[in-house]
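Data block below; observations after.
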Amino acid sequence: MIRDSVIVGLAMFAVFFGAGNLIFPPQIGFLAGDGWSAALTGLLITGMLLPVLSVVVLGLRGGTVERLCTPIAPWFGAALLGVTMLGLAWLIAVPRTASVAFETGFRTLAPDLDPGVGIWLFLPAFFLVSTYFALDRSRVIDRIGQVLTPLLLCLLGIIVIWSVLSPLGAPVDTGEASPFRLGLLTGYQTGDVFGGIMFGIIFIEAFQARGYTPGPRYTAALWGMAGVTFLGLFFVYGGLEYLGATGSGVLAPDVPQAGLLTALVGQLAGKIGANTLAVAVLLACLTTAVGATAVLGEYIQKWTRGRVGYKAGVLAVSLTSLVQAFGGVDYIVALAEPIFLLLYPVGIAIVILGLLPRNLLNDGVWKGATGVAILMGFYDLVASLIAKTGGAVPPQLQALHEAIPLASAGFAWLMPAMIGGLLGGLVWRLSGKPDAGWADAEPVPAE
Numbered sequence: 013m014i015r016d017s018v019i020v021g022l023a024m025f026a027v028f029f030g031a032g033n034l035i036f037p038p039q040i041g042f043l044a045g046d047g048w049s050a051a052l053t054g055l056l057i058t059g060m061l062l063p064v065l066s067v068v069v070l071g072l073r074g075g076t077v078e079r080l081c082t083p084i085a086p087w088f089g090a091a092l093l094g095v096t097m098l099g100l101a102w103l104i105a106v107p108r109t110a111s112v113a114f115e116t117g118f119r120t121l122a123p124d125l126d127p128g129v130g131i132w133l134f135l136p137a138f139f140l141v142s143t144y145f146a147l148d149r150s151r152v153i154d155r156i157g158q159v160l161t162p163l164l165l166c167l168l169g170i171i172v173i174w175s176v177l178s179p180l181g182a183p184v185d186t187g188e189a190s191p192f193r194l195g196l197l198t199g200y201q202t203g204d205v206f207g208g209i210m211f212g213i214i215f216i217e218a219f220q221a222r223g224y225t226p227g228p229r230y231t232a233a234l235w236g237m238a239g240v241t242f243l244g245l246f247f248v249y250g251g252l253e254y255l256g257a258t259g260s261g262v263l264a265p266d267v268p269q270a271g272l273l274t275a276l277v278g279q280l281a282g283k284i285g286a287n288t289l290a291v292a293v294l295l296a297c298l299t300t301a302v303g304a305t306a307v308l309g310e311y312i313q314k315w316t317r318g319r320v321g322y323k324a325g326v327l328a329v330s331l332t333s334l335v336q337a338f339g340g341v342d343y344i345v346a347l348a349e350p351i352f353l354l355l356y357p358v359g360i361a362i363v364i365l366g367l368l369p370r371n372l373l374n375d376g377v378w379k380g381a382t383g384v385a386i387l388m389g390f391y392d393l394v395a396s397l398i399a400k401t402g403g404a405v406p407p408q409l410q411a412l413h414e415a416i417p418l419a420s421a422g423f424a425w426l427m428p429a430m431i432g433g434l435l436g437g438l439v440w441r442l443s444g445k446p447d448a449g450w451a452d453a454e455p456v457p458a459e
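In terms of the numbering used here, the sequence shown opens at residue 13 and continues consecutively.
Spelled out as structure tokens, the structure:
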């Protein structure tokens with residue numbers, strides 16, 4: 013069991029740890045300076061705990077998003093999964109991994125190659141490799157957990173250990189008033205909670221393929237996997253954040269976010285370090301692309317009721333993502349923001365509800381909390397779109413929104429969602445309606 017938890021946990025770490033997650037921790041440390049430990053605590057909650065717990069919740073509450081969301085409505089899980097799969101995974105996550113790998117990794121390793129030529133060489137090769145790993149559905153997790161992740165951790169470990177043994181300097185006071193809030197918000201913005209909700213099924217199926225069935229042994233293996241993933245994220249995030257903090261008094265404060273880690277590693281270890289980082293970026297992007305492509309292939313097969321096979325679905329994802337990746341990182345990030353603003357509050361709400369004991373919640377709590385979370389996400393979406401077009405939300409509405417507790421920390425949805433859950437639960441209890449619950453749902457057997 014321990015070996016299985018380690019292999020699957022390392023694979024989950026690799027799928028979570030995309031190249032964007034290489035950039036965020038050093039930026040947090042750089043901005044927090046001597047408050048880096050408080051910032052790490054904030055990042056620990058939203059960037060490590062919640063994403064890992066999202067997979068555990070999925071495994072303990074039926075194994076699929078549809079079963080997890082049964083208390084909300086019979087159709088809700090399928091609808092949420094469809095929107096997130098198409099909007100966040102297919103259109104955003106997979107092509108972004110290739111674009112980031114090219115712009116941050118490949119161009120560092122081949123600085124003299126014309127980017128216009130390099131992109132036509134690199135992107136097809138990237139998707140050729142990721143498709144190769146994803147095509148063999150039965151060995152996706154083993155290949156990521158036993159081959160790709162150890163390489164990634166080894167390269168990142170060299171950078172982290174080097175930064176601890178030979179720090180750039182002492183962290184300085186950067187004037188950051190709330191480092192904890194800085195770490196909390198940045199982790200919230202990674203979107204990894206939805207990564208767990210979307211991709212968690214491949215880790216659950218990996219346990220099923222190893223003969224695990226619902227029971228104490230299965231539950232222990234799930235928590236063991238979560239522990240391995242969390243420790244991996246904590247080691248890398250903490251090390252990279254400390255690296256950023258040690259550079260807070262060395263580099264100029266206006267270093268661009270995208271170039272900060274490269275600058276830090278260049279200062280730390282010169283060209284060798286920069287090239288090592290570039291290879292780590294390539295591996296981080298590749299592991300995320302493989303996991304996301306495999307999950308999308310499975311869901312395409314499911315959505316088409318087998319008319320499109322798994323391998324055909326993987327090829328379709330890879331080919332369309334290849335086209336999308338040519339648009340570049342900025343183009344893909346611009347597409348992601350509206351979907352992110354709308355969906356992320358309800359994603360966190362579902363994970364929190366899934367962790368609570370079943371006997372404390374009725375279906376009304378689920379309906380009320382998620383309904384309000386969606387409404388608050390819709391407000392953030394509309395406000396963002398209005399701001400992008402040069403307009404502004406009516407002052408009265410904006411003042412009302414800012415008066416909500418935790419609004420300044422980016423969690424304006426949390427308190428209203430809690431109230432919505434309490435009111436929904438009370439109304440449901442008074443109505444006398446039965447709970448759909450999970451009907452003691454067990455994980456769906458792997459096909």
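Glycine included, C-beta positions come from ideal geometry on N, C-alpha and C.
query: Is it the case that the Cβ atoms of E253 and P37 are separated by a distance below 8 Å?; result: yes
query: Are the Cβ atoms of I84 and W378 separated by less than 8 Å?; result: yes
query: The alpha helix (DSSP H) spanning Y391 covers which residue range?; result: D375 to K400
query: Starting from the C-beta of G21, find all residues in its chain whose C-beta is less than 6 Å away, skip the five residues before and the five after it, and write them out in chain order.; result: M237, V240 and T241
query: On a Cα-Cα basis, can you pick out the residue from D375, S396, G212 and A221 that is closest to G444?; result: D375
query: Please name the residue, chosen from F29, W102 and L62, that lies closest to E310 on a Cα-to-Cα basis.; result: W102
query: Cα separation between I398 and A361?; result: 26 Å
query: Spatial neighbours of I131 within its chain, please: CB distance less than 8 Å, with the 5 preceding and 5 following residues excluded, ordered by chain position.; result: F114 and F338
query: Taking Cβ to Cβ, would you say V77 is nearer than 8 Å to F215?; result: no
query: Which stretch, first to last residue, makes up the alpha helix (DSSP H) that contains F246?; result: P228 to T258
query: When the Cβ atoms of the region 221-233 are set against those of the region 311-325, are three or more pairs found closer than 8 Å?; result: no
query: Out of curiosity, what's the CA-to-CA distance linking P455 and A424?; result: Model confidence at P455 stands at a pLDDT of 48, short of 50, so the residue's coordinates are unreliable; what they give is reported in the following sentence. Between P455 and A424, the C-alpha separation is close to 34 Å.
query: Run the CB neighbour count on V27, radius 10 Å, all protein chains shown included, and call it buried at 16 or more, exposed below.; result: buried
query: Decide if the region 135-146 is in contact with the region 288-303; the criterion is three or more beta carbon pairs, one per stretch, under 8 Å apart.; result: yes
query: Rounded to the nearest angstrom, what separates R319 and T258 at their Cα positions?; result: 55 Å
query: From R79 to A348, what does the alpha carbon distance come to, in whole angstroms?; result: 26 Å
query: Would P63 and G244 qualify as a contact pair, given that the criterion is a beta-carbon distance under 8 Å?; result: no
query: For G181, does the three-state DSSP call read helix, strand or coil?; result: coil
query: Output yes or no for whether 8 Å exceeds the beta carbon distance between G117 and A290.; result: yes
query: Give me the residue from L434, D447, L442 and S420 with the minimum Cα distance to L197.; result: S420
query: What does a CB cutoff of less than 7 Å around L43 pick up in its chain, not counting 5 residues either side in sequence?; result: T186, E188 and L194
query: Would you say I214 reaches chain D, if we count a Cβ-Cβ gap shorter than 8 Å as a contact?; result: The structure shown contains no chain D; it holds only a single protein chain.
query: Is G403 helix, strand or coil by DSSP?; result: coil
query: Buried or exposed: where does L177 fall if 16 or more other Cβ atoms within 10 Å of its Cβ makes it buried?; result: exposed
query: Measuring CA to CA, which of A91, V205, F352 and V439 is closest to S396?; result: F352
query: Can you tell me which of D16, G59, I40 and L72 puts its alpha carbon nearest to the alpha carbon of L367?; result: L72
query: Please go through the same chain and pick out, in chain order, the residues whose beta-carbon is closer than 6 Å to the beta-carbon of T96, but skip the five residues on each side of it.; result: F206 and M210
query: Look at the alpha carbon of T53 and the alpha carbon of G251, and state the distance between them as a whole number of angstroms.; result: 13 Å
query: Spatial neighbours of V9 within its chain, please: CB distance less than 7 Å, with the 5 preceding and 5 following residues excluded, ordered by chain position.; result: Any property of residue 9 remains undetermined from this structure, which presents the chain solely from 13 to 459.
query: With burial defined as no fewer than 16 other Cβ atoms inside 10 Å of the residue's Cβ, what is the status of C166: buried or exposed?; result: exposed
query: Using DSSP with H/G/I as helix, E/B as strand and the rest coil, what is K445?; result: coil
query: How should R108 be labelled, buried or exposed, when 16 other C-beta atoms within 10 angstroms of its C-beta is the threshold for buried?; result: buried
query: Measure the Cβ-Cβ separation of C81 and G89 and say whether it is below 8 Å.; result: yes
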